[in-house]
Amino acid sequence: MTRRLFGTLCGLVFLVNFGRVAFPPLVETLQTQFSVGPATIGVVTSLVWLGTAIPRIPVGYLLTRVSRSKVVLGSGTLLVVAAAFTASATSVLTLQIGAFGLGLASGAYFVSATPLVGELFPERVGRMVGIHGAASQVAAVVAAPVVVFILASYTWRETFWVLAAAGALVTLLLYAVSRDGSAGAGTGADRDFSAALGHWKLILTGILLIAPAGFVWQGLFNFLVSYMTQAKAFDPATASTMLTIVFAAGVPAFSLSGRLADKLPHVPYIFGLLVAFIGALVALTYAQGFVAVAVVVAVLGYVIHSLFPALDTFMLSSLPSDARGSAYAVFSGAALLLEANGSGAVGFLTEANYAFESVFRTLAGGLAVFVAALAVLYAVNRLPGVDRTEPSSA
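According to the numbering used here, the residues represented by the sequence shown are 883 to 1276, in order.
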C-alpha cells in the first residue's frame, strides 16, 4: 500500500508542477488570444507563483490539526477545479484567478506531501524525497513539448482540460489507496510556530540568499520563449526547445547538488552557485546561434536548479528539529512571495520598450552587487544567523 501511495504521489506532484510551468510556453499564445501585452501576461505568471507561496505558512499550521494525506487530497481537488476554471477563462481576470488557483494547489501540495513522503519512508527519507522531486522536475521538462503538441491540433484551453481530467483521475486513485488510514499518521506535532520565530535571523539569511536570484529566475524562465523568439530570432518550436533544455538540466542538478551540499561548506557553495548563475545569465545575453544558446541555457538551468537543494540543505541542517518544519514553511513561503514578482517585473519592463537583453543584464548586475554585499557580510562574520567560525555540518 505504501508503494502504491508513493507512486500516486509522484503522479500528483507531476501534475501540480505541470500546472505551474504550463504558462511560459503559452505566453505568446495568451497575449494573442486576449489581445494584451507582456506586462498583463507577466502578472498572470506571477500569480501562479504567488499562489504557490501564500498557502505555505497557513497550511503548515493546518498540518498541526489535520493529517497530511487529507491536505494532499484537498490540493488535488483544488488542482482539478482550478485547471477547469482556467480552461474556461473568457477574460484576463478569470485567467488570473485560474492561474492563482493552480498556484494555491501546488503550494498546499508541496508543504503537505513532502513531509508525508518522509513519514512513509522514515529510513530512506533523502532517497524517496529525491525521487518525488525528480517526478516534479520531469513535468517542467515535458511541459513545453506537450503544450506545443496540443497547440498544433487544438487550442490552449485543451492544455488545462487535459490537466483537469488527469488531476481528477489521480486524486481519485490517491483517495482509493489511502482509505485504510495508514497515510493519516503524523498530524505535524513537530511544527511549533512560536519556536520558529526565534530563528528569524537564519530565516532572513535564507531569504536573502535565494529570493533575489529566484526573482531573476522567475522573470527569465516565464519569458524565455518570448525572449528566444524576439531577441535570438528563433522560431517558436526552437524557442520551446530551449525551455525544455533549461528544465532538463535541472533533473541531474537536484541529485548531484544535494550530494555536494552534504560534503561542502554550505554558504560558500551557495555563493559559488549564485556567481555561476549571474555569469551564465550575462553569457546568455551575448550568445548567438542555436548551439551557443543551447549550451549556455543548459549551464544556466543546471546552476539554478542546483541552488534550490543547496539552500534546502543549508536551512534544514541549520534549524533545530523542534522548529524545523514551521521555520522552513515560513522561509519558503516568504521567499516565494518575493520571487513570484519577477515575471511581472520583466513583463512590465519589456512592455515599456526595454529590450530583453538590457533587462536581463541589468538584473544580473543588480544581483551581482547584492551577492557581493552578502559575501562581505559572511567574510566578516556578520551574516545574520550564521557563525562561520563554527565547524560546518557538512
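Where is the CB? At the ideal position from N, CA and C, for every residue including glycine.
Give me the residue from the options with the minimum Cα distance to residue i.
{"i": "valine 1177", "options": "Ile1186, Leu1166, His1187", "result": "Leu1166"}
{"i": "glycine 1215", "options": "Leu984, Phe992, Val962", "result": "Phe992"}
{"i": "alanine 966", "options": "Ala1021, Ala1048, Pro1202, Leu1142", "result": "Ala1048"}
{"i": "alanine 935", "options": "Ser988, Tyr1168, Asp1117, Glu1233", "result": "Ser988"}
{"i": "valine 963", "options": "Pro1150, Ile979, Val1179, Ala1121", "result": "Ile979"}
{"i": "glycine 1080", "options": "Ser1240, Val1157, Tyr1210, Ile923", "result": "Tyr1210"}
{"i": "leucine 984", "options": "Ala1237, Val1212, Ala1046", "result": "Ala1046"}
{"i": "leucine 1155", "options": "Val999, Ala969, Leu1249, Lys1083", "result": "Leu1249"}
{"i": "leucine 1086", "options": "Met1124, Met1197, Gly1161", "result": "Met1197"}
{"i": "leucine 1084", "options": "Thr968, Phe1105, Asp1269", "result": "Asp1269"}
{"i": "glycine 1088", "options": "Val1212, Leu1142, Glu1233", "result": "Val1212"}
{"i": "valine 1175", "options": "Ala1234, Met1124, Thr1037, Gly1015", "result": "Met1124"}
{"i": "valine 1044", "options": "Tyr1109, Phe1031, Leu1055", "result": "Phe1031"}
{"i": "leucine 1056", "options": "Arg947, Tyr1109, Cys892, Leu1106", "result": "Cys892"}
{"i": "leucine 1219", "options": "Pro1147, Ala1093, Tyr943, Asp1117", "result": "Ala1093"}
{"i": "proline 1147", "options": "Ala1192, Gly924, Ser1122", "result": "Ala1192"}
{"i": "phenylalanine 905", "options": "Val948, Pro1027, Leu945", "result": "Pro1027"}
{"i": "threonine 1195", "options": "Ala1227, Gly1140, Pro1202", "result": "Gly1140"}
{"i": "leucine 986", "options": "Ala1162, Pro940, Leu998", "result": "Pro940"}
{"i": "valine 948", "options": "Leu887, Ser917, Leu998, Gly1161", "result": "Leu998"}
{"i": "leucine 1090", "options": "Phe1105, Tyr1109, Val1149", "result": "Val1149"}
{"i": "valine 1179", "options": "Ser1208, Lys1145, Ala1227, Thr1120", "result": "Thr1120"}
{"i": "serine 1208", "options": "Trp1082, Ala1162, Arg1039, Gly889", "result": "Trp1082"}
Taking just the CA atoms, how far does residue j sit from residue i?
{"i": "isoleucine 1186", "j": "alanine 1058", "result": "37 Å"}
{"i": "glutamate 910", "j": "glycine 901", "result": "17 Å"}
{"i": "threonine 1069", "j": "threonine 1041", "result": "In this prediction, threonine 1069 scores a pLDDT of 45, lower than 50, which makes its location untrustworthy; the coordinate-derived value is nonetheless stated afterwards. Each residue's Cα considered, the two are about 35 Å apart."}
{"i": "alanine 990", "j": "leucine 908", "result": "24 Å"}
{"i": "serine 1200", "j": "leucine 975", "result": "42 Å"}
{"i": "alanine 1130", "j": "serine 1018", "result": "11 Å"}
{"i": "phenylalanine 1103", "j": "glutamine 915", "result": "21 Å"}
{"i": "alanine 1050", "j": "leucine 912", "result": "25 Å"}
{"i": "phenylalanine 1153", "j": "phenylalanine 1159", "result": "10 Å"}
{"i": "glycine 1096", "j": "isoleucine 1127", "result": "18 Å"}
{"i": "tyrosine 1151", "j": "alanine 1143", "result": "7 Å"}
{"i": "leucine 961", "j": "threonine 1053", "result": "9 Å"}
{"i": "asparagine 1235", "j": "glycine 919", "result": "11 Å"}
{"i": "valine 1107", "j": "proline 1118", "result": "7 Å"}
{"i": "valine 1164", "j": "valine 1251", "result": "14 Å"}
{"i": "alanine 1016", "j": "glycine 1183", "result": "15 Å"}
{"i": "serine 951", "j": "arginine 1243", "result": "44 Å"}
{"i": "tyrosine 1168", "j": "valine 930", "result": "30 Å"}
{"i": "valine 1029", "j": "glycine 924", "result": "18 Å"}
{"i": "serine 917", "j": "threonine 1037", "result": "16 Å"}
{"i": "leucine 944", "j": "isoleucine 1013", "result": "26 Å"}
{"i": "proline 1202", "j": "leucine 977", "result": "41 Å"}
{"i": "alanine 1071", "j": "alanine 1162", "result": "Any reading at alanine 1071 must be qualified, since the residue scores a pLDDT of 48, below 50, and its modelled position is unreliable; no value is offered."}
{"i": "lysine 1145", "j": "threonine 890", "result": "32 Å"}
{"i": "alanine 1227", "j": "glycine 1132", "result": "24 Å"}
Assign residue i to buried or exposed, taking buried as 16 or more other Cβ atoms, counted over all protein chains shown, within 10 Å of its Cβ.
{"i": "serine 1035", "result": "exposed"}
{"i": "arginine 885", "result": "exposed"}
{"i": "serine 973", "result": "exposed"}
{"i": "asparagine 1263", "result": "exposed"}
{"i": "proline 1266", "result": "exposed"}
{"i": "glutamine 1315", "result": "This structure cannot settle anything about residue 1315, because the visible part of the chain is limited to 883 through 1276."}
{"i": "serine 1225", "result": "buried"}
{"i": "alanine 1025", "result": "buried"}
{"i": "leucine 894", "result": "buried"}
{"i": "glycine 1247", "result": "exposed"}
{"i": "alanine 1217", "result": "buried"}
{"i": "phenylalanine 1172", "result": "exposed"}
{"i": "serine 1064", "result": "The predicted model places serine 1064 with a pLDDT of 49, which falls under 50 and marks its position as unreliable; any figure quoted below should be read in that light. So serine 1064 ends up on the exposed side."}
{"i": "threonine 968", "result": "buried"}
{"i": "proline 937", "result": "buried"}
{"i": "serine 1240", "result": "exposed"}
{"i": "alanine 1261", "result": "exposed"}
{"i": "serine 928", "result": "buried"}
{"i": "proline 1273", "result": "Only weak support is given to the placement of proline 1273: the predicted model assigns it a pLDDT of 48, under 50, and the question is left unresolved by the model."}
{"i": "lysine 1114", "result": "buried"}
For residue i and residue j, which I take to be in contact (beta-carbon distance under 8 Å), what is that distance rounded to the nearest angstrom?
{"i": "leucine 932", "j": "alanine 1222", "result": "4 Å"}
{"i": "glycine 1229", "j": "alanine 921", "result": "4 Å"}
{"i": "alanine 1022", "j": "valine 903", "result": "5 Å"}
{"i": "valine 1098", "j": "leucine 1245", "result": "5 Å"}
{"i": "alanine 981", "j": "valine 926", "result": "5 Å"}
{"i": "glutamine 1100", "j": "phenylalanine 1238", "result": "Actually they are not in contact, since the Cβ atoms of glutamine 1100 and phenylalanine 1238 sit about 15 Å apart, beyond 8 Å."}
{"i": "valine 826", "j": "phenylalanine 1116", "result": "The requested residue 826 is not part of the displayed model; the chain covers only 883 to 1276."}
{"i": "serine 1122", "j": "leucine 887", "result": "In fact, because the Cβ distance is near 34 Å, the residues do not count as touching under 8 Å."}
{"i": "valine 1253", "j": "valine 1157", "result": "7 Å"}
For chain D, is any of its Cβ atoms less than 8 Å away from the one on residue i?
{"i": "valine 948", "result": "No chain D appears in this structure, which consists of one protein chain only."}
Assess, as a yes-or-no matter, whether the region 1254 to 1267 is touched by the region 943 to 956 under the definition of 3 or more beta carbon pairs within less than 8 Å.
-> Verdict: no, contact absent.
Hey, is the region 1128 to 1144 in contact with the region 1180 to 1196, meaning 3+ C-beta pairs nearer than 8 Å?
-> yes
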